[in-house]
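Asks: One line per chain: the protein sequences are G and H, in this order.
Heads up: the first sequence runs through residues 1 to 212, numbered per the working numbering.
Heads up: the second sequence runs through residues 1 to 212, numbered per the working numbering.
C-beta: ideal position from N, C-alpha, C; glycine also.
Structure incoming, see below.
Number of protein chains: 2
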Amino acid sequence: MPTGRRERKKAATRQKIADAAMRLFLERGYDAVGIRDVAAEADVAVTTLFSHFAAKEALVFEQDQDFEQRITGAVTGRAPDEPLLPALRREIRALVRHCTAEGAAPVWRMIAGSPALREYEESMRLRHADSLAAAVAADPGLPLTPTACRTLARFVVDAYSLAREAADPDAAVDEIFPMIEAAWEVAVRERGEPSGAGARTLGRSTTALTKD
Amino acid sequence: MPTGRRERKKAATRQKIADAAMRLFLERGYDAVGIRDVAAEADVAVTTLFSHFAAKEALVFEQDQDFEQRITGAVTGRAPDEPLLPALRREIRALVRHCTAEGAAPVWRMIAGSPALREYEESMRLRHADSLAAAVAADPGLPLTPTACRTLARFVVDAYSLAREAADPDAAVDEIFPMIEAAWEVAVRERGEPSGAGARTLGRSTTALTKD
DNA sequence: ACCGTAACACTACCCGTTAGGGTTTTGTAG
DNA sequence: CTACAAAACCCTAACGGGTAGTGTTACGGT
Numbered sequence: 001m002p003t004g005r006r007e008r009k010k011a012a013t014r015q016k017i018a019d020a021a022m023r024l025f026l027e028r029g030y031d032a033v034g035i036r037d038v039a040a041e042a043d044v045a046v047t048t049l050f051s052h053f054a055a056k057e058a059l060v061f062e063q064d065q066d067f068e069q070r071i072t073g074a075v076t077g078r079a080p081d082e083p084l085l086p087a088l089r090r091e092i093r094a095l096v097r098h099c100t101a102e103g104a105a106p107v108w109r110m111i112a113g114s115p116a117l118r119e120y121e122e123s124m125r126l127r128h129a130d131s132l133a134a135a136v137a138a139d140p141g142l143p144l145t146p147t148a149c150r151t152l153a154r155f156v157v158d159a160y161s162l163a164r165e166a167a168d169p170d171a172a173v174d175e176i177f178p179m180i181e182a183a184w185e186v187a188v189r190e191r192g193e194p195s196g197a198g199a200r201t202l203g204r205s206t207t208a209l210t211k212d
Numbered sequence: 001m002p003t004g005r006r007e008r009k010k011a012a013t014r015q016k017i018a019d020a021a022m023r024l025f026l027e028r029g030y031d032a033v034g035i036r037d038v039a040a041e042a043d044v045a046v047t048t049l050f051s052h053f054a055a056k057e058a059l060v061f062e063q064d065q066d067f068e069q070r071i072t073g074a075v076t077g078r079a080p081d082e083p084l085l086p087a088l089r090r091e092i093r094a095l096v097r098h099c100t101a102e103g104a105a106p107v108w109r110m111i112a113g114s115p116a117l118r119e120y121e122e123s124m125r126l127r128h129a130d131s132l133a134a135a136v137a138a139d140p141g142l143p144l145t146p147t148a149c150r151t152l153a154r155f156v157v158d159a160y161s162l163a164r165e166a167a168d169p170d171a172a173v174d175e176i177f178p179m180i181e182a183a184w185e186v187a188v189r190e191r192g193e194p195s196g197a198g199a200r201t202l203g204r205s206t207t208a209l210t211k212d
């Protein structure tokens with residue numbers, strides 16, 4: 001219902017804070033910048049800052065909802081008969097590429113250099129894994145136990161974080177995803193349709209396993 | 001060089017603090033107890049408390065080094081020709097059982113109820129996964145890429161945390177480990193000896209995959 | 001024109017954590 | 001036994017993230 005100016009002003013304030021924060025963080029380093037510095041630079045009160053961001057670390061991971069939406073969207077929004085894992089692999093590859101692109105390097109160096117930020121990111125990933133598990137569990141075409149859904153989701157999120165840290169992120173995705181696909185196939189065979197449907201869901205990528 | 005009494009007194013102080021902390025946490029709840037309360041209950045200064053524990057959360061995860069040592073020990077200390085994954089599976093099962101035993105329930109309920117504790121535990125697990133990855137990478141009988149080692153380590157640590165949260169932890173271990181074994185076998189085939197050695201390393205548990 | 005509410009500001013405070021600097025206890029060497 | 005260095009401990013004070021309480025303004029709906 002709230003149409004227009006209010007929302008725009010709120011979004012503008014939020015963006016102003018995020019921009020000021022990132023500018024200061026990159027200039028002086030994350031630990032050397034206090035919340036009060038950020039608030040002053042953005043010309044807002046500290047309490048206002050905390051009404052837009054739940055914690056100092058959230059200033060850095062401003063777009064974490066993007067990640068969650070994209071990864072669950074890759075499951076729920078894929079083409080009707082598209083197998084699950086290739087869709088996830090494509091999305092993870094895109095996300096990894098996006099994080100290892102040109103301008104993003106200093107930000108990720110900063111994150112790697114601060115334990116608080118790494119810790120925060122990891123707990124974000126846990127939430128994302130839970131959302132992904134829920135999305136997978138909700139797919140009527142996938143007959144998996146809840147535990148298998150959660151396991152798959154963790155593995156996929158692990159793939160993202162491992163690939164991002166790898167020397168060659170693209171190669172890492174190609175190395176890890178066959179492992180996940182094999183794990184997935186086992187889960188499907190345990191509980192899924194015994195004959196053909198499970199293999200079709202996994203798609204062409206299972207040839208590595210069935211070739212003996 | 002420090003022999004005897006000093007070490008004992010130090011360990012006693014540490015234990016006294018940990019006991020006092022756990023007592024208060026279980027009585028009043030983790031968030032309702034301050035560091036100053038714990039220090040007073042243990043009759044030590046706040047600075048002393050922080051010379052024994054790096055953070056408030058560490059008071060709860062007092063024996064995290066146990067976990068790290070046991071899990072890496074399961075890799076480095078296994079029988080000469082014992083395959084890797086059964087050894088890991090056995091250790092993980094024991095650790096999960098230990099955490100879901102009788103008296104431990106209130107503690108884990110407390111952990112589940114505090115975001116700070118969950119976050120701390122997750123970053124612990126990351127460290128443990130790194131140690132495990134290093135142990136796996138150091139095993140001369142396992143020809144794996146660094147990325148594969150890290151992936152396997154993450155998956156194993158995930159298995160622990162997923163099983164601990166599952167309704168039936170034992171069944172969860174039995175559900176997740178076949179998935180990890182399949183992933184492992186793919187990693188071995190990509191880089192390992194082409195014919196027999198890889199399968200021998202994995203052991204009898206791969207029958208589920210090769211039975212078609 | 002008017003009211004409810006969301007955004008914002010200000011003050012003061014709590015809590016985890018650390019620095020700085022001092023005191024006692026312990027192991028060891030003379 | 002004494003002397004001495006180091007380790008363990010204590011105290012005070014502070015820093016920085018985060019919050020409660022209390023307003024004030026500006027917007028949107030009616």
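To be precise: take each residue of the stretch 11 to 33 of chain G, compare its Cβ to all Cβ atoms of chain H, and keep it if any distance is under 9 Å. Which residues remain?
Replies: none
Asks: My output table needs one value for E82/G: the three-state DSSP class, helix, strand or coil.
Replies: coil
Asks: Between V46/H and R36/H, how many whole angstroms is the CB-CB distance? I'm expecting something under 8 Å.
Replies: Contact flag correct, Cβ pair sits at about 6 Å.
Asks: For the stretch 164 to 177 of chain G, enumerate the residues whose C-beta is nearer than 7 Å to any C-beta of chain H, in chain order.
Replies: A166, A172, E175 and I176
Asks: Is F50/H near the ligand PLP, in the sense that its beta carbon is under 7 Å from a heavy atom of that ligand?
Replies: Inclusion of the ligand PLP in the displayed structure is not the case, the ligand content being empty and no account of it being possible.
Asks: Under 8 Å, CB to CB, which of the residues in the stretch 100 to 134 of chain H have a partner in chain G?
Replies: P115, R118, E119, Y120, E122, S123 and L126
Asks: Examine chain G for any beta-carbon lying closer than 8 Å to the beta-carbon of V156/H, and answer yes or no.
Replies: no
Asks: Should R89/H be labelled buried (16 or more other beta-carbon atoms within 10 Å of its own) or exposed?
Replies: buried
Asks: What do you reckon, are the CB atoms on V172/H and A153/H nearer than 8 Å?
Replies: In the sequence on display, residue 172/H carries Ala and not Val. No, the pair does not count as a contact, with Cβ atoms beyond the cut-off.
Asks: Specify the secondary structure class of E102/G as computed by DSSP and reduced to three states.
Replies: Three-state DSSP puts E102/G in coil, outside helix and strand.
Asks: Decide if the stretch 76 to 87 of chain G is in contact with the stretch 78 to 92 of chain H; the criterion is three or more beta carbon pairs, one per stretch, under 8 Å apart.
Replies: Taking a cut-off of 8 Å on C-beta distances, the stretch 76 to 87 of chain G does not touch the stretch 78 to 92 of chain H, as fewer than three cross pairs fall below it.
Asks: Taking buried to mean at least 16 other C-beta atoms within 10 Å of its own C-beta, is A182/G buried or exposed?
Replies: buried
Asks: Just to confirm my understanding: we take P169/H, look at its own chain, exclude 5 residues before and 5 after, and list those with CB closer than 6 Å. What are they?
Replies: V96, T100 and A163
Asks: Quick one: which unbroken alpha helix (DSSP H) runs of 4-plus residues sit fully inside the stretch 147 to 197 of chain H? Chain order, please.
Replies: 169 to 191
Asks: So R150/G contacts chain H; which residues on that side make the cut at Cβ distance below 7 Å?
Replies: L162
Asks: With H, G and I counted as helix, E and B as strand and the rest as coil, what does DSSP make of S114/H?
Replies: coil
Asks: Just how far apart, CA to CA, sit P143/G and V136/G?
Replies: 10 Å
Asks: Would S123/H pass as a contact of E122/G if the rule is Cβ separation under 8 Å?
Replies: yes
Asks: Would you say E185/G reaches chain H, if we count a Cβ-Cβ gap shorter than 8 Å as a contact?
Replies: yes
Asks: Output needed for L202/G: all residues of its chain with C-beta closer than 8 Å, excluding positions within five of it in sequence on either side, in chain order.
Replies: The pLDDT assigned to L202/G is 46, lower than 50, so where the model puts this residue is not dependable, and the model offers no usable value.
Asks: Using the three-state DSSP reduction, which class does V96/H fall into: helix, strand or coil?
Replies: helix
Asks: Measuring only the C-alpha atoms, how far is D158/H from D130/G?
Replies: 13 Å
Asks: Please classify E7/H: does DSSP put it in a helix, a strand, or coil?
Replies: helix
Asks: Would you report the Cα separation of R5/H and P106/G, rounded to the nearest angstrom?
Replies: Between R5/H and P106/G, the alpha-carbon positions lie close to 50 Å from each other.
Asks: State the DSSP-derived secondary structure class of G203/H, mapped to helix, strand or coil.
Replies: With a pLDDT of 45 at G203/H, under the threshold of 50, the modelled position of that residue is not reliable, and no figure is offered here.
Asks: Using a Cβ cut-off of 8 Å (strictly closer), state whether I180/H contacts chain G.
Replies: yes
Asks: Hey, how far is the Cα of P115/G from the Cα of D81/G?
Replies: 42 Å
Asks: For chain G, check one thing: does any of its Cβ atoms lie closer than 8 Å to the Cβ of T147/H?
Replies: yes
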